[in-house]
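What follows is a single structure, written as structure tokens, with notes after it.
Residue numbers (this note's numbering), protein chains in the order written: chain Y, 603 to 957; chain L, 1296 to 1544; chain C, 52 to 241.
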């Protein structure tokens, strides 16, 4: 099949259907409304579940219930709505339930705005829920990559019994691109859902979905199991792309839409004779720290660029581990930098070095 | 020898953790017996909420999920929507249902979710040590209303059954109590009817059970039962609030 | 085509600005080119000014945002004022001469004005003014054939608006004719 033109949010919904979604629970918020709108029509017409919940809090708990019953479940929201879902996200991780969460970022804090932003990197990778937990977080750069990840997301969540968060900015949600929906998805051997509460007549013993362990030693052991799982995710699922990294005098680090803007800036910089490369994290948790080992020793510096005040910058500094000068250039509040700004930031690198 | 009475198969062998004289144990037994007698244990999924009944997932002998505080009806919605063949119930206290979880509960009721809610109203927060509940009576002393609840400071106790009786999606709603054997038998009848209605896909069913908290009320178990009868039932009258005969589908 | 074309389209909400951009994006997809359409979204599109960006390329499209456009298509005066300086050397500014009566000048771009409201009015429907503009744009740039556009119009209208297909096709033709009548040609110079 040839490529078709689709809006990012609708493509996310279609890809979720390709990924085997059984149920969607959500609450309206701009700029992600096309996702529930599309799914409301297509899930109910195909005997699947869709509920417009009374709140984001209720929606994520419906996700928990349905995931606990063995279904492939999804919710989507935008920044303030994701904030409300943090309670349920922590419970999903504690009870080891798979789910797919889509976050279409808008400017913040508070009610903020509705224009594209990347200011929820902390929210996605550090979380606002309680306890030692991690989400598997993807930060795709195009609608095509978002679709490819969405198709795989339910299987990844099932494999690790952990929520997967697909983090995009409002631009990816609102724009249209020509995409191929039929690209192959990696085959995975998935464990049986031998935890699902499907009634004791359908399985031996009782199944209990729970995150409560009042005995601290028992809770520590539960946490050790979770940490082992996260270590496995780090080893097996970390994804990134490098562009012209080996002989780069300057390395730019960017994810999502910012990485595309950087690609255009790199074309200009090359014409100016500046050797520039890029590290593009595809998973932002786990973070691709190993990519930074590929930077040449006499690199003049690393520029981290985001549509935020510098959140991924923390991970860049950790991964760099003091080896090279690090600079940051960002825009906030829904402002999207154009490639010329990135070109200028590299040309005036020393002005942007992080003290 | 003929067995005249045995512990229901609906409960596990785990000893209950409730305080002496608390009527949670009675209600657990009634719910468990109802599920067993209706042949629903094998298809039942219960939701344990946050509060004294947080460990109910260890006691009910069926599949269970433990929910965040107040969210039991959202969990139940999620389960029921993907597995309509299962019998889904929540077991919630007054803090969980009437305070933090009232939005989830009222909207599940309004959607006519085909689930059963067992609502334990004992007019106090038991688990956290006797704080005021939305259902605490005027004048009742709690650790956060030490001079007694006042209308001016805290407002009136919230009457859940009276509120929910007005919601279209509610198929069956009754307030019962457990302060004497007659009331216990009546409560069981109501719980069985609620599960039967769910099986018949009639919609949202809820049984409010007036319950005791002797420890936090500072009463003997006997006095606590008497207090339910003399002090609670005038504010929370027992009886049928809604019985919508028609089918949900 | 053998390049990347970045187009900015702007006007009042309701003038068919978004549709103009989407027609280009659908046509590009039809012709197996890469394309990206991005709208201004939110409250500003409700009754106020609306704009969208379209990128058409035979190469991978990188940045979805751009400052200077290769082609600027404006449907009203405020949009011209806002965007006329953000144009590439050798670019094209196509404007609605029915609503923009002042002389439009650019030292960077070829400027062409078309009275799209008047032409659409003569066709019998002010609604197709945006398609008159599209016809003029296609005639100037040579981006897509009539066969492609006709197919896209049919898809866009669907069964519900099938009766609108013919007048839209007429509007495209009228726009093309207007360019030929003026006798202007556009060749990108940079």
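Using N, Cα and C, we set each Cβ at its ideal position, and we do this for glycine too.
Contact check, residue i vs residue j under 8 Å by CB: the rounded distance?
i, j, result
"residue 1471/L", "residue 1533/L", "6 Å"
"residue 717/Y", "residue 772/Y", "6 Å"
"residue 1506/L", "residue 1416/L", "6 Å"
"residue 811/Y", "residue 697/Y", "5 Å"
"residue 161/C", "residue 222/C", "Their Cβ separation, rounded to whole angstroms, is 22 Å, which puts residue 161/C and residue 222/C out of contact at 8 Å."
"residue 1339/L", "residue 1350/L", "With a Cβ gap of about 17 Å, residue 1339/L and residue 1350/L do not count as contacting."
"residue 1383/L", "residue 1397/L", "Going by Cβ atoms, the distance from residue 1383/L to residue 1397/L rounds to 19 Å, so no, they are not a contact pair."
"residue 702/Y", "residue 664/Y", "Wrong, their Cβ atoms sit about 14 Å apart, outside the cutoff."
"residue 1537/L", "residue 1460/L", "5 Å"
"residue 638/Y", "residue 700/Y", "That pair is no contact at about 20 Å."
"residue 777/Y", "residue 88/C", "6 Å"
"residue 680/Y", "residue 711/Y", "About 13 Å separates the two Cβ atoms, so there is no contact after all."
With which residues is residue i paired in a DSSP beta bridge?
i, result
"residue 734/Y", "According to DSSP, which records beta bridges pairwise, residue 734/Y is partnered with nothing at all."
"residue 1358/L", "1340/L"
"residue 1534/L", "1470/L"
"residue 771/Y", "707/Y"
"residue 939/Y", "DSSP lists no partner for residue 939/Y."
"residue 125/C", "61/C, 146/C"
"residue 1500/L", "1411/L, 1467/L"
What residues from chain Y crowd round residue i, counting only those whose CB sits closer than 7 Å?
i, result
"residue 133/C", "Those within 7 Å of residue 133/C in chain Y number zero; the least Cβ separation is about 16 Å."
"residue 117/C", "940"
"residue 188/C", "Per Cβ cutoff of 7 Å: no residues; residue 188/C is ~18 Å from chain Y at best."
"residue 80/C", "605, 606, 607, 780"
"residue 1376/L", "625, 651, 653, 668"
Rounded to whole angstroms, what is the Cα-Cα separation between residue i and residue j?
i, j, result
"residue 908/Y", "residue 943/Y", "12 Å"
"residue 1468/L", "residue 1530/L", "17 Å"
"residue 1544/L", "residue 1412/L", "For residue 1544/L, the predicted structure reports a pLDDT of 49, less than 50, and the residue's modelled location is therefore unreliable. A value from the coordinates is still provided. Residue 1544/L and residue 1412/L: Cα-Cα distance of roughly 20 Å."
"residue 611/Y", "residue 775/Y", "5 Å"
"residue 178/C", "residue 619/Y", "36 Å"
"residue 949/Y", "residue 931/Y", "12 Å"
"residue 199/C", "residue 71/C", "14 Å"
"residue 1407/L", "residue 607/Y", "39 Å"
"residue 1438/L", "residue 1525/L", "22 Å"
"residue 694/Y", "residue 910/Y", "28 Å"
"residue 60/C", "residue 91/C", "10 Å"
"residue 207/C", "residue 1491/L", "52 Å"
"residue 939/Y", "residue 77/C", "27 Å"
"residue 1312/L", "residue 1463/L", "37 Å"
"residue 789/Y", "residue 1481/L", "56 Å"
"residue 752/Y", "residue 625/Y", "15 Å"
"residue 1485/L", "residue 1502/L", "7 Å"
"residue 1394/L", "residue 1365/L", "8 Å"
"residue 1440/L", "residue 1428/L", "10 Å"
"residue 141/C", "residue 54/C", "14 Å"
"residue 1473/L", "residue 1320/L", "11 Å"
"residue 792/Y", "residue 124/C", "52 Å"
"residue 1453/L", "residue 834/Y", "50 Å"
At a CB-CB cut-off below 7 Å, which residues of chain L make contact with residue i?
i, result
"residue 689/Y", "1363"
"residue 812/Y", "1352, 1361"
"residue 766/Y", "Residues of chain L passing the Cβ test: none, with the nearest at roughly 18 Å."
"residue 657/Y", "1398"
Report the neighbours of residue i on chain Y: residues whose CB is nearer than 9 Å to its CB, in chain order.
i, result
"residue 86/C", "607, 778, 779, 780"
"residue 1356/L", "802, 808"
"residue 100/C", "Those do not exist, as residue 100/C stays about 15 Å from chain Y at its closest Cβ, beyond 9 Å."
Taking residue i as the query, report the chain C residues whose CB atoms sit under 7 Å from its CB, ordered along the chain.
i, result
"residue 941/Y", "114"
"residue 859/Y", "115"
"residue 773/Y", "89, 115"
"residue 719/Y", "Chain C residues near residue 719/Y: none, gap ~13 Å exceeds 7 Å."
"residue 863/Y", "114, 116"
"residue 866/Y", "113, 114"
With a threshold of 8 Å between beta-carbons, can residue i be considered close to chain B, or not?
i, result
"residue 196/C", "Absent here is chain B; the protein component of the structure consists of chains Y, L and C."
Counting only Cβ pairs nearer than 8 Å, list the residues of chain Y close to residue i.
i, result
"residue 1349/L", "814"
How would you list, in chain order, the residues of chain L whose beta-carbon sits under 8 Å from the beta-carbon of residue i?
i, result
"residue 665/Y", "1373"
Under 9 Å between beta-carbons, which chain L residues line up against residue i? List them in chain order, please.
i, result
"residue 770/Y", "What residue 770/Y touches in chain L: nothing, since even the nearest Cβ is about 25 Å away."
"residue 693/Y", "1361, 1362, 1363, 1366"
Handout entry: Within 7 Å of chain L by C-beta, residues of the region 622-640 of chain Y in sequence order
Key = 624, 625, 627
Exercise for the section: Residues of the region 65-76 of chain C with a CB closer than 8 Å to any CB of chain Y: list them in chain order, please. Expected result: 73, 76
Handout entry: Interface positions of the region 1399-1426 of chain L facing chain Y (Cβ-Cβ less than 7 Å), listed along the chain
Key = 1399, 1402
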